[in-house]
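**Q**
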Amino acid sequence: MKNRFQDITTLDLYQNKKQVKWLVILVSVVIGAGSIWYTNRLVDELRQRERRQIELLSSALEYAATTLEGLNFINQEIIQQNYSIPIIMVDEFGNPIEFRNIQFKKNATKQDSVNTLQAELTEMREEYDPIFLQEADILVYFRNSELLINLKYYPYVQLAVILIFGILAYTLFNQSRIAEQNRVWAGLTKETAHQLGTPIASLMAWIDYLRNSPVWEENKEIIQEMDKDVVKLRMVTERFSSIGSKPVIKAENLYESIEETINYLRPRISTKVELIINSDAKDLEAMMNKPLFEWVIENICKNAVDAMKGKGTITINIIQDSDKFVLVDIEDTGKGMEKAMYKKVFNPGFSTRQRGWGLGLTLAKRIIEGYHGGKIFVKHSEVGKGTTFRILLHSSLEGAEQFITDGLLEY
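full-length UniProt numbering applies: residue 1 is where the sequence shown begins, and numbers increase by one.
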C-alpha cells in the first residue's frame with residue numbers, strides 16, 4: 001500500500017509539474033523579496049546612523065570652532081578617526097579645506113586631485129544636503145560609505161549567485177534523471193526484444209510446417225496472414241532492439257515506407273476508416289531508420305483511428321519542403337484538441353483513452369527527434385474537426401547527424 005501511494009504521489013507531481021514549477025518560482029520570489037526588504041531596512045538604519053555621526057561631528061566642530069586648540073582636537077580625534085564615511089569640508093567660497101576617505105588615483109597630479117575632489121563634491125551635493133557650521137562658516141559634505149553601498153547591492157548579488165547555482169544544480173540533476181530514464185528505457189526494450197525472440201522463432205517454424213502440410217491449400221490465405229503477423233512481430237522486435245542504440249540512418253524511399261505501413265494497417269483497423277496517401281513525388285527520399293520510422297507512422301495512425309472512434313479519413317501528405325528537408329503531414333478527422341494540449345500530447349502517460357498507456361506519441365517524439373534529428377509537432381488542430389501532425393526529416397545524412405542525440409532525448 002505504501003509503495004502504491006508513493007507511485008501515485010510521484011505521478012501526481014509529474015502530471016502537475018508545471019504547477020509545481022510555478023510554486024517553486026513563487027516561493028523563490030517571496031524569499032528574494034524578503035531578503036531585499038530586510039537588507040534595505042538595514043541599509044536605511046545604517047544610513048541614518050552615518051548621518052547622525054556626521055551631524056555629531058558637525059556639532060562638535062561648531063562648538064570648538066572658537067579656539068584653534070579645539071579645532072585641532074576635533075580634526076585629530078574625530079575627523080581623522082573616521083575610517084569609512086567620505087566627507088569634504090569647504091569654506092564660504094566652496095574651496096575644499098579638509099577631507100577624509102576620498103580615493104585618489106595612484107600617482108595623481110595636483111590637478112587630478114582637485115578634479116577628484118570636485119567630482120566627489122558634485123556627487124555629495126546630489127546625495128545629501130550639506131551641514132552648515134555657522135560659527136566657522138564651513139559646509140560639511142558627505143555621502144554613503146563604501147560599506148553601505150556594498151550592503152545595498154549585496155542581496156542582488158546574493159540572489160544572482162543563488163540563481164546561477166540553482167540553474168547549474170537543476171541542469172546536472174535533470175541530465176542525471178534523463179540518463180537514468182534512458183538506461184531504464186533501453187534496458188526494458190532490449191529485454192522485451194530478447195523475450196520475444198524465442199516465441200517468434202517458434203511461430204516461424206510452425207508456419208513453415210503448415211506450408212508443407214496437407215492443410216496448406218485449404219488455409220492458404222489464413223496462413224499467409226499469419227506469416228505477415230509473424231513478420232510484423234519480427235519488425236517489432238527489431239524496433240525494440242534499436243532503442244538505446246545508435247540507429248542506422250540511411251536514405252529510404254519515403255512513399256514506399258509509408259505505403260508499406262498503411263497496407264499492413266488497412267486490414268487490421270476499422271473498414272470505416274479511409275487511408276489516403278498524397279505525395280509530391282513517389283521517389284522522394286529521406287534519411288531514416290525504416291523500422292523505427294514505420295513505427296512512428298503506425299502509432300500516429302492508430303491514435304487517429306481512436307480519435308475518430310473508428311470512422312473517418314486519415315490523409316498523409318508527403319511534401320518536398322526544400323533540398324534539406326522532407327515533410328510528412330498526417331491529418332485525421334477526429335475530435336481534435338485545444339491549442340494548450342499541443343505539447344502535452346507528447347508527455348509520457350498522457351492519454352485520452354481510459355485504458356491507454358500514453359506512450360505512443362512519446363515514443364514517436366523520441367524516435368523522430370532523438371534518433372532521426374528531425375521534428376514532430378502538432379501543426380494544427382480544431383475541436384470537432386481533426387488534428388494534423390507534422391514530421392520533418394532530413395534529406396541528407398550530414399544534416400541528420402548534426403542533430404541526432406543517440407537517443408538521449410529529454411521526455
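Quick reminder that beta carbons are idealized off the backbone N, C-alpha and C, glycines included.
Could you tell me the distance, in whole angstroms, from the CA atom of Leu210 to the CA atom of Ile300?
**A** Position 210 of the sequence shown, counted from the start, is the residue given in the question as residue 210. Position 300 of the sequence shown, counted from the start, is the residue given in the question as residue 300. In a straight line, the C-alpha of Leu210 is about 35 Å away from that of Ile300.
**Q** Examine the Cβ distances between the region 139–153 and the region 85–92 and report whether three or more of them are shorter than 8 Å.
**A** At 8 Å Cβ cutoff, the stretches touch.
**Q** Measure the alpha-carbon distance for Val157 versus Ala119 and round it to whole angstroms.
**A** For the purposes of this step, residue 157 is taken as residue 157 along the sequence shown, with counting starting at 1. For the purposes of this step, residue 119 is taken as residue 119 along the sequence shown, with counting starting at 1. Whole-angstrom Cα-Cα distance: 27 Å.
**Q** Anyone know if the C-beta pair for Leu254 and Ile314 falls short of 8 Å?
**A** Counting from 1 along the sequence shown, the entry for residue 254 is found at position 254. Counting from 1 along the sequence shown, the entry for residue 314 is found at position 314. Their beta carbons are not under 8 Å apart, which means Leu254 does not touch Ile314 by this criterion.
**Q** For a quick check, are the C-beta atoms of Phe389 and Ile330 less than 8 Å apart?
**A** Along the sequence shown, read from residue 1 onward, the residue named residue 389 stands at position 389. Along the sequence shown, read from residue 1 onward, the residue named residue 330 stands at position 330. Contact flag set, yes.
**Q** When the distance is taken between beta carbons, is Ile200 closer than 8 Å to Leu172?
**A** Mapped onto the sequence shown, residue 172 falls at position 172. Mapped onto the sequence shown, residue 200 falls at position 200. No.
**Q** Could you name the residues that DSSP lists as bridge partners for Thr315?
**A** Against the sequence shown, residue 315 aligns to sequence position 315. Thr315 pairs with Ile276, Glu331.
**Q** Return the residue from the list Asp283, Asn150, Arg125 that minimises the CA-CA distance to Leu46.
**A** The count along the sequence shown starts at 1 and reaches residue 46 at position 46. Considering only alpha carbons, the answer is Asn150.
**Q** For Ile138, I'd like the list of residues in its chain whose CB is within less than 6 Å of its CB, leaving aside the five on either flank, ordered along the chain.
**A** Residue 138 sits at position 138 when you count from the first residue of the sequence shown. So the list reads Met89, once near-sequence residues are dropped.
**Q** Could you pull the start and end residues of the beta strand (DSSP E) that Arg100 belongs to?
**A** Counting from 1 along the sequence shown, the entry for residue 100 is found at position 100. From DSSP, the beta strand (DSSP E) with Arg100 extends over 96–100.
**Q** Could you pull out every residue in the same chain whose Cβ sits closer than 7 Å to the Cβ of Lys152, ignoring the five residues on either side in sequence?
**A** For the purposes of this step, residue 152 is taken as the residue at position 152 of the sequence shown. Around Lys152: Val43.
**Q** Provide the residue(s) that pair with Arg390 in DSSP beta bridges, ordered along the chain.
**A** Locating residue 390 in the sequence shown gives position 390, counting from the first residue. Per DSSP, Asp329, Phe377.
**Q** If you follow the alpha helix (DSSP H) that Ala364 is in, where does it begin and where does it stop?
**A** Residue 364 sits at position 364 when you count from the first residue of the sequence shown. Per DSSP, Ala364 belongs to the alpha helix (DSSP H) from 360–365.
**Q** Taking the CB atoms as reference points, tell me whether Thr333 and Met308 lie closer together than 8 Å.
**A** One-based indexing of the sequence shown puts residue 333 at position 333. One-based indexing of the sequence shown puts residue 308 at position 308. Against a cut-off of 8 Å, the Cβ pair of Met308 and Thr333 comes out as a contact.
**Q** I need the straight-line Cα distance from Gly336 to Ile249, nearest angstrom please.
**A** Counting from one through the sequence shown, the residue named residue 336 turns up at place 336. Counting from one through the sequence shown, the residue named residue 249 turns up at place 249. Computed Cα separation, rounded: 33 Å.
**Q** From this set, Asp306, Gly373, Glu285, which residue's C-alpha is nearest Asp321's C-alpha?
**A** The residue labelled residue 321 in the question sits at position 321 within the sequence shown. The shortest Cα separation from Asp321 among Asp306, Gly373, Glu285 belongs to Glu285.
**Q** Taking DSSP as the reference, what is the three-state secondary structure of Tyr141?
**A** Position 141 of the sequence shown holds residue 141. Note: Tyr141 maps to strand in three-state DSSP.
**Q** Taking Ala304 as part of the alpha helix (DSSP H), name the residues at either end of that continuous run.
**A** Taking the first residue of the sequence shown as 1, we reach residue 304 at position 304. Segment 290–307, the alpha helix (DSSP H) holding Ala304.
**Q** Note the first and the last residue of the continuous alpha helix (DSSP H) segment covering Met124.
**A** Translated into positions along the sequence shown, residue 124 becomes position 124. Its alpha helix (DSSP H) spans residues 110–127.
**Q** Suppose you measure from the CA of Leu168 to the CA of Ala304; what does that come to, to the nearest Å?
**A** What you label residue 168 is simply residue 168 of the sequence shown in a count that begins at 1. What you label residue 304 is simply residue 304 of the sequence shown in a count that begins at 1. Taking the straight line joining both Cα atoms gives about 40 Å.
**Q** Any chance you could list the beta strand (DSSP E) runs of at least 3 consecutive residues sitting entirely within the region 172–217, in chain order?
**A** Counting whole runs of 3 or more residues, the region 172–217 contains no beta strand (DSSP E) stretch at all.
**Q** Excluding the 5 residues preceding and the 5 following Glu252 in the sequence, name in chain order all residues of the same chain whose CB lies nearer than 6 Å to its CB.
**A** For the purposes of this step, residue 252 is taken as residue 252 along the sequence shown, with counting starting at 1. Result list for Glu252: Met288, Lys290, in chain order.
**Q** Write down the C-beta distance between residue 412 and Ile36 rounded to the nearest angstrom, noting that I regard them as a contact closer than 8 Å.
**A** Here the chain comprises residues numbered 1 to 411, so residue 412 is not present and cannot be evaluated.
**Q** Does the distance from the C-beta atom of Ile280 to that of Ile319 stay below 8 Å?
**A** Looking up residue 280 in the sequence shown gives position 280. Looking up residue 319 in the sequence shown gives position 319. It is worth fixing the name first, because residue 280 is Asp in this sequence and not Ile. Their beta carbons are under 8 Å apart, which means Asp280 touches Ile319 by this criterion.
**Q** Please name the residue in Asp112, Gly197, Arg51, Thr237 whose C-alpha comes closest to that of Leu292.
**A** Mapped onto the sequence shown, residue 292 falls at position 292. Comparing Cα-Cα distances from Leu292 to each of Asp112, Gly197, Arg51, Thr237, the minimum goes to Thr237.
**Q** DSSP has Glu238 in a bridge; who is on the other side?
**A** Residue numbering aside, residue 238 sits at position 238 when the sequence shown is read from its first letter. Its beta-bridge partners do not exist; DSSP assigns none.
**Q** According to DSSP, simplified to helix, strand and coil, what is Val90?
**A** What you label residue 90 is simply residue 90 of the sequence shown in a count that begins at 1. Residue state, collapsed to three classes: strand.
**Q** In terms of alpha-carbon separation, which member of Ile258, Lys375, Lys110 lies closest to Lys343?
**A** On the sequence shown, residue 343 is found 343 positions in, with the first residue counted as 1. Nearest C-alpha to Lys343: Lys375.
**Q** Starting from residue 419, trace the beta strand (DSSP E) in both directions and tell me its first and last residue.
**A** An answer regarding residue 419 cannot be provided, because it is not within the stretch 1 to 411 covered by the chain.
**Q** Quick one: is Trp22 buried, meaning 16 or more other Cβ sit within 10 Å of its Cβ, or exposed?
**A** Residue numbering aside, residue 22 sits at position 22 when the sequence shown is read from its first letter. Looking at its Cβ environment, which holds fewer than 16 other Cβ atoms inside 10 Å, Trp22 is exposed.
**Q** Apart from the five residues on each side of it in sequence, which residues of its chain come closer than 8 Å, Cβ to Cβ, to Lys324?
**A** Taking the first residue of the sequence shown as 1, we reach residue 324 at position 324. Within the same chain, Lys324 has close Cβ partners His394, Ser395, Ser396, Gly399.
**Q** Run through DSSP, which three-state label would Ala286 get?
**A** To locate residue 286, count along the sequence shown from 1; it is residue 286. The answer is strand: DSSP assigns Ala286 an E or B state.
**Q** DSSP on Lys250, reduced to helix/strand/coil?
**A** If you number the sequence shown from 1, residue 250 lands on position 250. Three-state result, Lys250: strand.
**Q** Work out the CA separation of Asn278 and residue 412 for me, nearest whole Å.
**A** Because the chain spans 1 through 411 in this model, residue 412 falls outside it and cannot be assessed.
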